[in-house]
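Asker: This is the structure, below, for whatever I ask next.
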Amino acid sequence: MSRGPYVALAVLATLLGSCLCAQERTTTPARVSADVYGGYSFVSPNFGTDFFGGPGAHGGIGGADLHLTHSLAVAAETDWMHVVYGTQENSTSFTVMAGPRMFFPLGSHARIKPLADVLVGAASIHSLIGFGNPFTGTSALAIAADGGAEVRAVGPLALRIEGGYLHSGFTARYPNLTPQSSVHNQHGRFLVEGVWHF
Numbered sequence: 018m019s020r021g022p023y024v025a026l027a028v029l030a031t032l033l034g035s036c037l038c039a040q041e042r043t044t045t046p047a048r049v050s051a052d053v054y055g056g057y058s059f060v061s062p063n064f065g066t067d068f069f070g071g072p073g074a075h076g077g078i079g080g081a082d083l084h085l086t087h088s089l090a091v092a093a094e095t096d097w098m099h100v101v102y103g104t105q106e107n108s109t110s111f112t113v114m115a116g117p118r119m120f121f122p123l124g125s126h127a128r129i130k131p132l133a134d135v136l137v138g139a140a141s142i143h144s145l146i147g148f149g150n151p152f153t154g155t156s157a158l159a160i161a162a163d164g165g166a167e168v169r170a171v172g173p174l175a176l177r178i179e180g181g182y183l184h185s186g187f188t189a190r191y192p193n194l195t196p197q198s199s200v201h202n203q204h205g206r207f208l209v210e211g212v213w214h215f
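The opening residue of the sequence shown carries number 18 in our numbering; numbering runs sequentially from there.
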């Protein structure tokens, strides 16, 4: 008796089963994942100088990532900072930005995950001490580009460290005077954040 029909039926059943499994996988909704984070931020007065010291801006940062895939997320963050221009001038700055954040997994069980992002939003600055706001306006465009890594700790907790560039589009009111002329729009920034994944 020929085995041809049985082999054909077996191949047909295998192909049908594979198609059904593939259809089930494609119709199953993807699990949405996200994380929230918060920590410390430091911004240098000049990009490339006094990055880890000297007068600048420091404060707190918080935000969240909505993960669309394993590698791509939409990030949104807020950053409040105390700005020091000199010995006599102090202000507060508040920045809100959002944009894509890429993750580069080294493996399913890797404890370190490199990341990079480009964020766009707005910054505001308000003088608390001194002779008033040194800029022509209190709000301006803000753009940040960062790179860093996230290190898994325990369970859903992780530590994220980033370094990057922040541009704030403020225009000085009196560009020939000090301390306004020392306030630059190109900043280096350093972030240390605790992350909770859920």
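By construction, the Cβ of each residue, glycine as well, lies at the ideal position given by its N, Cα and C atoms.
Quick caveat: nothing in here was measured; it's all calculated off a predicted structure.
1) Please state whether the Cβ-Cβ distance between V60 and H204 is less than 9 Å.
2) Rounded to whole angstroms, how far is the Cβ of L136 from the Cβ of A115, which I believe are closer than 8 Å?
3) So what does DSSP say about P117, is it helix, strand or coil?
4) Which residues does DSSP pair with T112 in a beta bridge?
5) Report buried or exposed for I142, applying the criterion of at least 16 other Cβ atoms within 10 angstroms of its Cβ.
6) With DSSP as the reference, label P131 as helix, strand or coil.
7) Beta-carbon within less than 6 Å of E179's beta-carbon, same chain only, minus the 5 sequence neighbours each way: which residues are those?
8) Which partner residues does G164 have in the DSSP bridge list?
9) How is V171 classed by DSSP in three states: helix, strand or coil?
10) Compute the distance between the beta-carbons of H99 and A140, then report whether it is under 9 Å.
11) Less than 6 Å between C-beta atoms, sequence neighbours within five positions excluded: which residues of the same chain meet that for Y182?
12) Would you kindly report the start and end of the unbroken beta strand (DSSP E) that includes F207?
13) What are the boundary residues of the beta strand (DSSP E) that F187 is part of?
14) Are the beta-carbon atoms of A81 and V53 separated by less than 9 Å?
15) Applying the 10 Å Cβ sphere with the 16-neighbour rule, what's the burial state of R128?
16) Does H84 pass the burial test, meaning 16 or more other C-beta atoms within 10 Å, or should it be called exposed?
17) Between the Cα of G172 and those of G138, T188, A159, H126, spot the shortest distance and give me the residue it belongs to.
18) May I ask which residues mark the beginning and end of the beta strand (DSSP E) holding L123?
Answerer: So, to answer that:
1) Cβ atoms of V60 and H204: closer than 9 Å.
2) Yes, they are in contact, since the Cβ atoms of L136 and A115 sit about 6 Å apart, within 8 Å.
3) In the structure shown, the three-state DSSP call for P117 is strand.
4) In DSSP, T112 forms a bridge with D96, A140.
5) When all chains shown are included, I142 counts as buried.
6) Three-state DSSP puts P131 in a strand.
7) Same-chain partners within the cutoff: D163, G165, L208.
8) Paired residue(s): A133, G180.
9) Looking at V171 - three-state DSSP - the assignment turns out to be coil, as it is neither helix nor strand.
10) Pairing H99 with A140 gives a Cβ-Cβ distance that is not under 9 Å.
11) Residues A162 of the same chain have their beta carbon placed closer than 6 Å to that of Y182, with the five preceding and five following residues left out of the count.
12) Unbroken beta strand (DSSP E) run through F207: 203-214.
13) Where F187 is concerned, there is no enclosing beta strand (DSSP E), given that its DSSP letter is neither H nor E.
14) For A81 and V53, yes; Cβs fall inside 9 Å.
15) Exposure of R128 is indicated by the presence of fewer than 16 other C-beta atoms within 10 angstroms of its C-beta.
16) So H84 counts as buried.
17) If you compare the alpha carbons of G138, T188, A159, H126 with that of G172, the shortest gap goes to H126.
18) For L123, there is no enclosing beta strand (DSSP E), as DSSP marks it with neither H nor E.
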